[in-house]
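*Asks:* Here's a structure for you.
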């Protein structure tokens, strides 16, 4: 039996509503202060529709910038955030994208 102290450092899903960013950030800080939770994966409710269709690339870029902003704002307080990613096959290239170099086979 180990005599090492038990440490529990979970990664918790956190529903993040982009339109209420400041309020959502305050709740992250509150969870850290009151419960000691410091690691979160952000769930964005409006993300499903944006990630499909002809503007998917721009949507992913916009989302990446938003996630980066949130991550940088909370990092100094010891909070880590990532993305709750559950991709679907519907994010695959849409018809007409076959000529895009990003989808070309290499090698």
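Residue numbers (the UniProt record's numbering): 1 to 107.
The beta-carbon is built from N, C-alpha and C at its ideal position, and this holds for glycine as well.
Within 10 angstroms of the Cβ of residue 79, are there 16 or more other Cβ atoms? Answer buried if so, exposed if not.
*Replies:* Residue 79 should be labelled buried.
*Asks:* Nearest to residue 75 by alpha carbon, out of 54, 25, 13, 85?
*Replies:* 25
*Asks:* Once the 5 residues before and after residue 71 are set aside, which same chain residues still bring their CB inside 7 Å of it?
*Replies:* 81
*Asks:* Please classify residue 42 as buried or exposed, where buried requires at least 16 other C-beta atoms within 10 Å of its C-beta.
*Replies:* buried
*Asks:* Please state whether DSSP places residue 18 in a helix, a strand or coil.
*Replies:* Reduced to three states, the DSSP call for residue 18 is helix.
*Asks:* Rank 6, 21, 5, 31 by C-alpha distance to the C-alpha of residue 12 and give the top, closest one.
*Replies:* 31
*Asks:* Looking at residue 28: is its Cβ nearer than 9 Å to the Cβ of residue 40?
*Replies:* yes
*Asks:* Among residues of its own chain, excluding the 5 on either side of residue 54, which ones have a beta-carbon nearer than 6 Å to its beta-carbon?
*Replies:* none
*Asks:* Starting from residue 69, trace the beta strand (DSSP E) in both directions and tell me its first and last residue.
*Replies:* Here residue 69 belongs to no beta strand (DSSP E); instead the alpha helix (DSSP H) covers 56-75.
*Asks:* Quick check on this structure: which residue in 36, 73, 77 has the alpha carbon closest to the alpha carbon of residue 21?
*Replies:* Sorting 36, 73, 77 by C-alpha distance to the C-alpha of residue 21 places 73 at the top.
*Asks:* Looking at the unbroken beta strand (DSSP E) that takes in residue 39, where does it start and where does it end?
*Replies:* 39-43
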